[in-house]
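Engineer: Protein chains in written order, with our numbering: chain S, 1 to 82; chain U, 1 to 82; chain F, 1 to 146; chain Z, 1 to 146.
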Amino acid sequence: MIEVLYFAWVRERIGLPRERIETRAATVADLIAELSAREDRYAMAFADLASLRVALDQELSSFDAPLAGVREVAFFPPMTGG
Amino acid sequence: MIEVLYFAWVRERIGLPRERIETRAATVADLIAELSAREDRYAMAFADLASLRVALDQELSSFDAPLAGVREVAFFPPMTGG
Amino acid sequence: MRLVVQAGPFDLGAESTAFATGAVGAGAVVTFTGIVRDNGGTLAAMEIEHYPGMTERAIAAIMDEAQARWHLIDALVIHRHGRLVGGEAIMMVATAAPHRADAFAAAEFLMDYLKSRAPFWKKELGRDGASWVAAKDEDEAALNRW
Amino acid sequence: MRLVVQAGPFDLGAESTAFATGAVGAGAVVTFTGIVRDNGGTLAAMEIEHYPGMTERAIAAIMDEAQARWHLIDALVIHRHGRLVGGEAIMMVATAAPHRADAFAAAEFLMDYLKSRAPFWKKELGRDGASWVAAKDEDEAALNRW
Numbered sequence: 001m002i003e004v005l006y007f008a009w010v011r012e013r014i015g016l017p018r019e020r021i022e023t024r025a026a027t028v029a030d031l032i033a034e035l036s037a038r039e040d041r042y043a044m045a046f047a048d049l050a051s052l053r054v055a056l057d058q059e060l061s062s063f064d065a066p067l068a069g070v071r072e073v074a075f076f077p078p079m080t081g082g
Numbered sequence: 001m002i003e004v005l006y007f008a009w010v011r012e013r014i015g016l017p018r019e020r021i022e023t024r025a026a027t028v029a030d031l032i033a034e035l036s037a038r039e040d041r042y043a044m045a046f047a048d049l050a051s052l053r054v055a056l057d058q059e060l061s062s063f064d065a066p067l068a069g070v071r072e073v074a075f076f077p078p079m080t081g082g
Numbered sequence: 001m002r003l004v005v006q007a008g009p010f011d012l013g014a015e016s017t018a019f020a021t022g023a024v025g026a027g028a029v030v031t032f033t034g035i036v037r038d039n040g041g042t043l044a045a046m047e048i049e050h051y052p053g054m055t056e057r058a059i060a061a062i063m064d065e066a067q068a069r070w071h072l073i074d075a076l077v078i079h080r081h082g083r084l085v086g087g088e089a090i091m092m093v094a095t096a097a098p099h100r101a102d103a104f105a106a107a108e109f110l111m112d113y114l115k116s117r118a119p120f121w122k123k124e125l126g127r128d129g130a131s132w133v134a135a136k137d138e139d140e141a142a143l144n145r146w
Numbered sequence: 001m002r003l004v005v006q007a008g009p010f011d012l013g014a015e016s017t018a019f020a021t022g023a024v025g026a027g028a029v030v031t032f033t034g035i036v037r038d039n040g041g042t043l044a045a046m047e048i049e050h051y052p053g054m055t056e057r058a059i060a061a062i063m064d065e066a067q068a069r070w071h072l073i074d075a076l077v078i079h080r081h082g083r084l085v086g087g088e089a090i091m092m093v094a095t096a097a098p099h100r101a102d103a104f105a106a107a108e109f110l111m112d113y114l115k116s117r118a119p120f121w122k123k124e125l126g127r128d129g130a131s132w133v134a135a136k137d138e139d140e141a142a143l144n145r146w
C-alpha cells in the first residue's frame with residue numbers, strides 16, 4: 001500500500017487530493033502507467049510528463065526512481081512559490 | 001573668492017572645516033599647489049593625491065578641472081558611506 | 001534560523017525589526033517581501049496551495065544550503081498559503097550577515113529556490129475565472145546562476 | 001522616491017511597512033539595512049561625517065540612475081550621520097518593483113553607489129583611539145559590475 005497525493009491542477013483533474021493504492025509497480029513510471037490505464041481522468045492528468053513533477057517521501061525525485069520502501073508519492077505541476 | 005571645504009582627515013590635518021580663499025588658481029591642481037606652498041599642514045594634507053577626492057560645487061571632479069566660475073571646492077578622502 | 005508556513009497574515013515591519021534586533025553582530029540585513037499584484041484590478045484573489053510537511057522540509061533544506069554557502073548570522077523565511085487578495089504580502093525572506101554581499105546573495109538564492117523548489121502552487125482567481133499560474137522558464141533558469 | 005539624511009535614529013520596521021504599503025502595484029519589495037558592528041566589543045562608537053548639500057544631491061542622482069535602469073515603483077534611502085553605537089542602524093535602502101529581479105538589482109546598485117559615491121566618512125572610536133575607516137578596493141571594484 002502506498003499513499004498517493006495530488007496537488008494543483010493534477011488534483012483537480014483526478015478529482016481527489018489523495019488516495020491509498022495497492023500496487024506492485026516497481027518505479028514511478030510503472031505507477032503512472034498503471035493509474036493511466038485505470039481511468040481517463042488519470043490518463044489526462046498524466047498525459048504530459050514534462051509538465052509534471054514527482055516527490056517520493058517528500059523529496060523531489062524522477063520518474064524512473066524505484067518505489068521500493070516508499071510510503072508517499074506526490075504528483076504536481078512545477079512549483080510556483082515565492 | 002572661493003569657498004574651500006575639508007572633510008574627515010583632510011579637515012583634521014588642515015585644522016579647519018572651511019575657509020574663504022582669494023586665489024587666481026586656474027585649476028584644482030593649481031589651488032592645491034598654492035595651498036601646499038603656504039603652510040606645512042596643507043602640504044601634509046595634500047601630499048598623496050591618490051588618496052584624495054575633490055568636488056566642485058558639490059559634484060565629484062578631477063584635479064585638472066578648471067576653477068573658472070566655481071564657488072565651492074571640497075577636498076576629502078574616498079567616501080565610506082553605506 | 002526561523003521558518004514559518006502559515007495561512008494568516010504577518011507583520012512585515014514587526015518581523016523586520018525583530019529579525020534585525022536579534023541578529024547580533026550583523027552589519028547587513030536584507031529583506032525581500034513578495035506581494036500579490038492585482039494586475040490593474042483584474043485579480044480578485046489568489047489561492048496558494050501547498051504540500052504540508054514537504055513544504056517545511058524543502059524550505060529548511062534551502063536555508064541550510066544558504067548557510068553552507070555564505071557567512072550568515074541568521075535567516076528567516078515566512079510563507080503564507082490559502083486565499084490572499086491584491087496588495088497582501090505572500091511571503092518574506094530575511095538574511096543577516098557581517099557583510100552586505102553575503103546578505104544580498106543569500107536572500108536572492110533563497111528567493112530563486114523558493115520559487116521553483118518549495119511546493120507551493122498559485123491559482124489566480126480573476127473576474128473571468130480561475131487559472132493556475134504557470135512556472136516561468138526564467139525562474140528555472142535563475143537556479144543556474146548558483 | 002524619498003530621501004532622508006538625519007542624525008537621529010529611524011524605525012526600520014515602521015519604515016518598511018510604510019514603504020511597502022505605499023508601493024501600490026509592487027510585487028517585490030527589497031530592503032537593506034546597514035548596522036554598526038561592534039567588532040567583538042572593541043568598538044565604542046562610530047562617528048559619521050557628511051557633506052551637507054552634496055550628500056542629498058549625490059544620493060538623489062544615484063536614485064535617479066536606479067530609476068532609469070530598472071522598472072521601479074518606488075525607492076527609499078535613509079542615511080544617518082553623527083555618533084552611533086554598536087548595533088544601531090546606520091542606513092537603509094528600500095526598492096519596490098513589479099518583479100523581484102529589478103527590486104534586488106536596484107537595491108544592490110544603490111548600496112554600491114552609496115558606499116563609494118555619497119559623501120560620508122566613518123570614523124571608528126575604539127578603546128585604543130579613533131581612526132578613519134579606509135575605503136576598500138572591493139567597494140570601488142563593485143561599481144564596475146553596473
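Just so you know, even glycine gets a beta-carbon here, dropped at the ideal spot from N, CA and C.
1) What residues in its chain sit with their C-beta under 7 Å from that of residue 23 of chain F, if we drop five residues either side in the sequence?
2) Quick one: give me the first and last residue of the beta strand (DSSP E) that residue 6 of chain Z is part of.
3) Who pairs with residue 74 of chain Z in a beta bridge, going by DSSP?
4) Residue 33 of chain U to residue 14 of chain U, Cα distance in whole Å?
5) Within 9 Å of any Cβ in chain F, is that where the Cβ of residue 125 of chain Z sits?
6) Consider the Cβ of residue 120 of chain Z: report whether some Cβ of chain F lies at a distance smaller than 9 Å.
7) Within 9 Å of any Cβ in chain Z, is that where the Cβ of residue 44 of chain U sits?
8) In the region 10–33 of chain F, which residues sit with their C-beta less than 9 Å from some C-beta in chain Z, listed in chain order?
9) Given that residue 7 of chain S touches chain F, what residues does it touch there, using C-beta distances under 9 Å?
10) For residue 85 of chain F, is the classification buried or exposed, using 16 other Cβ atoms within 10 angstroms of its Cβ as the cut-off for buried?
11) Going by the beta-carbon positions, is the gap between residue 11 of chain U and residue 49 of chain Z smaller than 9 Å?
12) Who are the Cβ neighbours of residue 113 of chain Z in its own chain at under 6 Å, not counting the five residues just before and after it?
13) Please determine if the region 121–137 of chain Z and the region 42–61 of chain Z are in contact, where contact requires at least 3 C-beta pairs separated by less than 8 Å.
14) With 9 Å set as the bound, which would you pick, yes or no: does the beta-carbon of residue 8 of chain Z sit closer than that to a beta-carbon of chain F?
15) For the region 42–86 of chain F, list the alpha helix (DSSP H) runs that are entirely contained and at least 4 residues long, ordered along the chain.
16) I want to verify the contact list: residues of chain F whose CB lies under 9 Å from the CB of residue 69 of chain S, in sequence order.
17) Does the Cβ-Cβ distance between residue 20 of chain F and residue 17 of chain Z come in under 9 Å?
18) When you check each C-beta in the region 92–115 of chain F against every C-beta of chain S, which residues fall closer than 7 Å?
19) Could you tell me the distance, in whole angstroms, from the CA atom of residue 39 of chain S to the CA atom of residue 83 of chain F?
20) Does the Cβ-Cβ distance between residue 3 of chain Z and residue 59 of chain Z come in under 9 Å?
21) In the DSSP assignment, find the unbroken alpha helix (DSSP H) run with residue 8 of chain S in it and report its ends.
22) Please name the residue in S:61, S:53, S:46 whose C-alpha comes closest to that of residue 36 of chain S.
23) Count Cβ pairs between the region 54–62 of chain U and the region 21–31 of chain U that sit closer than 8 Å; are there 3 or more?
24) Which chain Z residues sit within Cβ distance under 7 Å of residue 57 of chain F?
25) Along the chain, where does the alpha helix (DSSP H) that runs through residue 17 of chain F open and close?
26) Between residue 70 of chain U and residue 51 of chain Z, what straight-line distance do the alpha-carbon atoms span, to the nearest angstrom?
27) With a threshold of 9 Å between beta-carbons, can residue 35 of chain Z be considered close to chain U, or not?
28) Using three-state DSSP, classify residue 120 of chain Z as helix, strand or coil.
29) For residue 137 of chain F, count neighbouring Cβ atoms within 10 angstroms of its own Cβ and tell me buried if that reaches 16, exposed if not.
30) Thinking just about the alpha-carbon of each residue, which of F:67, F:91, F:132, F:78 is nearest to the one in residue 104 of chain F?
Structural biologist: With the given structure in hand:
1) 29, 73, 74, 96
2) That run of the beta strand (DSSP E) goes 2–6.
3) By DSSP's assignment, residue 74 of chain Z forms a beta bridge with Z:96.
4) 14 Å
5) no
6) no
7) No, residue 44 of chain U lies away from the interface with chain Z (no Cβ there is under 9 Å from its Cβ).
8) 11, 12, 13, 14, 15, 16, 17, 18, 20, 21, 23, 24, 25, 26, 27, 28, 29, 30, 31, 32, 33
9) 49, 50, 51, 119, 121
10) exposed
11) Annotated as proximal: residue 11 of chain U and residue 49 of chain Z, with beta-carbon spacing under 9 Å.
12) 62, listed in sequence order.
13) yes
14) no
15) 54–69
16) Result: empty, since nearest Cβ-Cβ is about 18 Å, beyond 9 Å.
17) no
18) 111, 114, 115
19) 32 Å
20) For residue 3 of chain Z and residue 59 of chain Z, yes; Cβs fall inside 9 Å.
21) 8–14
22) S:46
23) yes
24) Per Cβ cutoff of 7 Å: no residues; residue 57 of chain F is ~24 Å from chain Z at best.
25) Bounds of the alpha helix (DSSP H) holding residue 17 of chain F are 12–22.
26) 17 Å
27) Not one beta carbon of chain U lies nearer than 9 Å to the beta carbon of residue 35 of chain Z.
28) strand
29) exposed
30) F:67
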